[in-house]
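Structure below.
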């Protein structure tokens, strides 16, 4: 009997699982984005210096490369 109730409740649970989706897009007012402007990483961490930010990213990528880290 428990199995029958479980089988009967399963389609209802699956049907209702998609009803909780909320809108995930920001509001647009008069054709403009109404949210706050997010600062970029180079603006906050590197005082708006794109070149040093790019060098840090390249350095980090090189350190994660096993071919560059290994000493053959």
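Numbering (mature numbering (1 follows the signal peptide of the UniProt record, and there is no 0)), first residue to last: -21 to -1, 1 to 51.
Ideal placement from N, C-alpha and C gives every residue a C-beta, glycine not left out.
Keep in mind that this is a model prediction, so the values were computed, not measured.
* Just the C-alpha distance for residue 15 and residue 34, rounded to the nearest angstrom, thanks. => In this structure, the alpha-carbon of residue 15 lies about 28 Å from that of residue 34.
* What first and last residue would you give for the alpha helix (DSSP H) that runs through residue -10? -> Here the alpha helix (DSSP H) through residue -10 covers -20 to -5.
* Cα-Cα separation, residue -14 to residue 27 -> Each residue's Cα considered, the two are about 59 Å apart.
* Can you give the Cα-Cα distance for residue -18 and residue 1, rounded to whole angstroms? -> Looking at the backbone, the Cα of residue -18 and that of residue 1 are separated by about 32 Å.
* Asked: With residue 38 and residue 47 assumed to form a contact (beta carbons below 8 Å), what rounded beta-carbon distance in angstroms separates them?
  -> That belief does not hold up - the Cβ atoms of residue 38 and residue 47 are roughly 11 Å apart, past 8 Å.
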